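K.L.:
The structure is given below, and queries will be raised subsequently.
There are 2 protein chains.
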Amino acid sequence: MKGLIVSKIGGNIAESPEKLEAFCKEFAASPSPKILIHGGGVLASDIQKKFGIAPNMIDGRRVTDAETLRITVMAYAGWCNKNIVATLRKYGCNAIGLAGCDASVIQAPKRAPLNGIDYGFVGDVTPACVNTGVLESLLSAGLVPVLCSMVHDGNGQLLNTNADTVASSVATAMGASLNCVFEFAGVLQDQNDPSSLIAELSYDDFKALQAAGKISGGMIPKLENGFKSLSHGAASVNIGKTTLKI
Amino acid sequence: MKGLIVSKIGGNIAESPEKLEAFCKEFAASPSPKILIHGGGVLASDIQKKFGIAPNMIDGRRVTDAETLRITVMAYAGWCNKNIVATLRKYGCNAIGLAGCDASVIQAPKRAPLNGIDYGFVGDVTPACVNTGVLESLLSAGLVPVLCSMVHDGNGQLLNTNADTVASSVATAMGASLNCVFEFAGVLQDQNDPSSLIAELSYDDFKALQAAGKISGGMIPKLENGFKSLSHGAASVNIGKTTLKI
Chain A
128 MKGLIVSKIG GNIAESPEKL EAFCKEFAAS PSPKILIHGG GVLASDIQKK
178 FGIAPNMIDG RRVTDAETLR ITVMAYAGWC NKNIVATLRK YGCNAIGLAG
228 CDASVIQAPK RAPLNGIDYG FVGDVTPACV NTGVLESLLS AGLVPVLCSM
278 VHDGNGQLLN TNADTVASSV ATAMGASLNC VFEFAGVLQD QNDPSSLIAE
328 LSYDDFKALQ AAGKISGGMI PKLENGFKSL SHGAASVNIG KTTLKI
Chain B
128 MKGLIVSKIG GNIAESPEKL EAFCKEFAAS PSPKILIHGG GVLASDIQKK
178 FGIAPNMIDG RRVTDAETLR ITVMAYAGWC NKNIVATLRK YGCNAIGLAG
228 CDASVIQAPK RAPLNGIDYG FVGDVTPACV NTGVLESLLS AGLVPVLCSM
278 VHDGNGQLLN TNADTVASSV ATAMGASLNC VFEFAGVLQD QNDPSSLIAE
328 LSYDDFKALQ AAGKISGGMI PKLENGFKSL SHGAASVNIG KTTLKI
């Protein structure tokens, strides 16, 4: 779809009332056809603690047993999704909140145990899992899909997944521009200096910065996902104000 | 819409894996255009207890403060809604889960304090609150809306409500047949005798049975809602296997 923008917001926006309000106001005002993607990991970890369950994360991925799945569904598809949709409506955005099971917008296989680790009820999402026809119908009807990172296997099982992967898969499948909105202005040369923003980043530059230890942690999978989207069909990719170039 | 059926399931079905599975299989097999309505009060009360909050119910209505609202949204729109949708998809039903904020399918005002009681974040739903155009578009696209009893005020505020009221309002607004599926076979002359099922119940008979103490508790608002739907535009109303007659 021409001019389609897929925006992904991180937990620091989705789960902060003030930041969410500001983001929704700006997002609603954009005249382009658009899709919003979010997770809800901060709230899920908070509920786990209240339930007396220690979150079990391996390399930033949540090991999801049956009780953790219930909690992530409640956090992502429940509070986070409906709070975002209600806030968007306040600003006149005709939002419709969806999990992957809804109209089967994302159906994905359960992840097989990886390197001896069983991640439990976790789905492996690729661009081929995205039901582009349903998204196009909703967009054509003037609706703005708000998708949380919860998918299903088509056989009654909900599966937890990662919002960055959902966003890059949806942008790739739809040939859209991917716009990751997060806590920093963009990719920085020096994480302590906001003025060191990199306006355009090539894959080779990314790898050089990573080797020099200047890019680390959660930024690495975010950039890997972004470059993958760009080379597989996304129209453009922005990580904050940094534009990725192949 | 001709032949439209609005089914409402109670917590005893929505929150029991075996009963939900059986219900979804049967519901999916029905060829009529259809809408499913549910709540999630049992799960909400369970989470409240885990959070150390005592559920505050007045005449069967949940007093909903900000924290209780978050919990009800997580229960109704999160786990209950998505678990039902994923289960329906297993049986080939093209379900789409919605709260009232989604595509603004139900926008309602916040309830004003009543007889000195402030129910908090609770919405008052009437047939006029139902966005029949959106429901018709989804049904025409071959989708089966699965609506939880969570609405919004159009100004960013989610509001808790009652699934029986949502079901009767949707059936009335859509001119549909209302089908309340619950733990009993239908309205019974004697609650301890399943063979005392009343096949057809008039409003006068209902009032006579109520006066005689044979109908009590939660059945009274259910029947009041049902008769109201029938007199205001629903095509027919069934409470289990009991058909209401004006």
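Line by line, the protein sequences give chains A and B.
The opening position of the first sequence corresponds to residue 128 in our numbering, with each subsequent residue numbered one higher.
The opening position of the second sequence corresponds to residue 128 in our numbering, with each subsequent residue numbered one higher.
Even for Gly, the Cβ is constructed at its ideal location relative to N, Cα and C.
Model, not experiment: these values are computed from the prediction.
Can you find a C-beta in chain A that's less than 7 Å from the C-beta of Ile-366 of chain B?
P.N.:
So no, Ile-366 of chain B is outside the interface.
K.L.:
For Ile-136 of chain A, count neighbouring C-beta atoms within 10 Å of its own C-beta (all shown protein chains included) and say buried if the count is 16 or more, exposed if not.
P.N.:
buried
K.L.:
If I'm right that Phe-311 of chain B touches Gly-367 of chain B with Cβ under 8 Å, what's the distance once you round it to whole angstroms?
P.N.:
6 Å
K.L.:
Taking only beta-carbon atoms, is Ile-223 of chain B less than 7 Å away from chain A?
P.N.:
The beta carbon of Ile-223 of chain B sits closer than 7 Å to some beta carbon of chain A.
K.L.:
Are there 16 or more other CB atoms within 10 angstroms of the CB of Leu-274 of chain B, so buried, or fewer, so exposed?
P.N.:
buried
K.L.:
Put Pro-240 of chain A into one of helix, strand or coil per three-state DSSP.
P.N.:
coil
K.L.:
Of the residues B:Lys-217, B:Gln-284, B:Gly-260, B:Phe-309, which one's Cα is nearest the Cα of Cys-228 of chain B?
P.N.:
B:Gln-284
K.L.:
In its own chain, which residues sit with a C-beta less than 6 Å from the C-beta of Thr-191 of chain B, not counting the 5 before and 5 after it?
P.N.:
Gly-247, Phe-248, Val-249, Asn-287
K.L.:
What residues of chain B sit near Gln-284 of chain A, judged by a beta carbon separation below 8 Å?
P.N.:
Ala-213
K.L.:
Measure from the alpha carbon of Ile-211 of chain B to the alpha carbon of each residue in A:Ile-174, A:Leu-266, A:Ala-226, A:Gly-138, then state which is nearest.
P.N.:
A:Ala-226
K.L.:
Cα separation between Gly-166 of chain A and Ser-276 of chain A?
P.N.:
Gly-166 of chain A and Ser-276 of chain A: Cα-Cα distance of roughly 5 Å.
K.L.:
Quick check on Thr-259 of chain B: does DSSP put it in helix, strand or coil?
P.N.:
helix
K.L.:
Using the Cα positions of Ala-255 of chain A and Ala-181 of chain B, report the straight-line distance between them to the nearest angstrom.
P.N.:
46 Å
K.L.:
Using the C-alpha atoms, what's the distance from Val-278 of chain B back to Ile-233 of chain B?
P.N.:
Straight across, the Cα-Cα distance linking Ile-233 of chain B with Val-278 of chain B is about 6 Å.
K.L.:
Chain A beta carbons: is any one of them nearer than 7 Å to that of Ala-235 of chain B?
P.N.:
no
K.L.:
Identify the continuous alpha helix (DSSP H) that holds Glu-142 of chain B and give its terminal residues.
P.N.:
From DSSP, Glu-142 of chain B is part of no alpha helix (DSSP H); its letter is neither H nor E.
K.L.:
May I ask which residues mark the beginning and end of the beta strand (DSSP E) holding Lys-129 of chain B?
P.N.:
No beta strand (DSSP E) contains Lys-129 of chain B, which DSSP labels as neither H nor E.
K.L.:
Can Ala-338 of chain B and Ile-223 of chain A be called in contact, C-beta distance under 7 Å?
P.N.:
no
K.L.:
Leaving out five residues on either side along the sequence, give the residues of the same chain with a beta carbon under 7 Å from the beta carbon of Leu-170 of chain A.
P.N.:
Within the same chain, Leu-170 of chain A has close Cβ partners Glu-142, Ala-202, Trp-206, Cys-207.
K.L.:
Our contact map puts Leu-270 of chain A next to Asn-221 of chain A with C-beta atoms below 8 Å; I'd like the distance itself, whole angstroms only.
P.N.:
That pair is a contact at about 5 Å.
K.L.:
Let me know the alpha helix (DSSP H) ranges lying completely inside the region 164-213 of chain A, each 4 residues or longer, listed in chain order.
P.N.:
168-177, 193-200
K.L.:
Check whether the region 357-365 of chain A and the region 296-305 of chain A are in contact - that is, three or more C-beta pairs closer than 8 Å.
P.N.:
yes
K.L.:
Can you list the residues of chain B that Ala-268 of chain A reaches, using a CB-CB cut of under 8 Å?
P.N.:
Ser-264
K.L.:
At what residues does the beta strand (DSSP E) containing Thr-253 of chain A begin and finish?
P.N.:
Careful: Thr-253 of chain A lies outside any beta strand (DSSP E) and carries neither H nor E.
K.L.:
So Phe-178 of chain A contacts chain B; which residues on that side make the cut at Cβ distance below 8 Å?
P.N.:
Lys-177
K.L.:
Among residues of its own chain, excluding the 5 on either side of Gly-168 of chain B, which ones have a beta-carbon nearer than 6 Å to its beta-carbon?
P.N.:
Gly-138
K.L.:
Are any of the Cβ atoms in chain B nearer than 7 Å to that of Lys-72 of chain A?
P.N.:
Because chain A in this structure spans residues 128 to 373, residue 72 of chain A falls outside the shown range and cannot be described.
K.L.:
Where are the alpha helix (DSSP H) runs, 4 residues long or more, that stay fully inside the region 288-352 of chain B, in chain order?
P.N.:
Scanning the region 288-352 of chain B from its first residue to its last, the whole alpha helix (DSSP H) runs of 4-plus residues come out as 290-301, 330-338.
K.L.:
Is it buried or exposed for Lys-204 of chain B, if we count other Cβ within 10 angstroms and need 16 for buried?
P.N.:
Checking the sequence, you will find Ala at residue 204 of chain B rather than Lys. With 16 or more other Cβ atoms within 10 Å, it is buried.
K.L.:
My output table needs one value for Gly-151 of chain A: the three-state DSSP class, helix, strand or coil.
P.N.:
Note on residue identity: the sequence assigns Cys, not Gly, to residue 151 of chain A. It is helical.
K.L.:
Is the Cβ-Cβ distance between Val-252 of chain B and Val-308 of chain B less than 7 Å?
P.N.:
Note that the C-beta distance between Val-252 of chain B and Val-308 of chain B is not below 7 Å.
K.L.:
Would you kindly report the start and end of the unbroken beta strand (DSSP E) that includes Leu-222 of chain B?
P.N.:
Correcting the residue identity first, residue 222 of chain B is Ala in this sequence and not Leu. For Ala-222 of chain B, the enclosing beta strand (DSSP E) covers residues 222-225.
K.L.:
For Asp-317 of chain A, which residues in the same chain have their Cβ closer than 6 Å to its Cβ, ignoring the five residues on either side in sequence?
P.N.:
Ser-323
K.L.:
Kindly indicate which three-state DSSP category Lys-161 of chain A falls into: helix, strand or coil?
P.N.:
In this structure, Lys-161 of chain A counts as strand in the three-state DSSP scheme.
K.L.:
How should Asp-280 of chain A be labelled, buried or exposed, when 16 other C-beta atoms within 10 angstroms of its C-beta is the threshold for buried?
P.N.:
buried
K.L.:
Got a sec: is the Cβ-Cβ distance from Ala-290 of chain A to anything in chain B below 7 Å?
P.N.:
no
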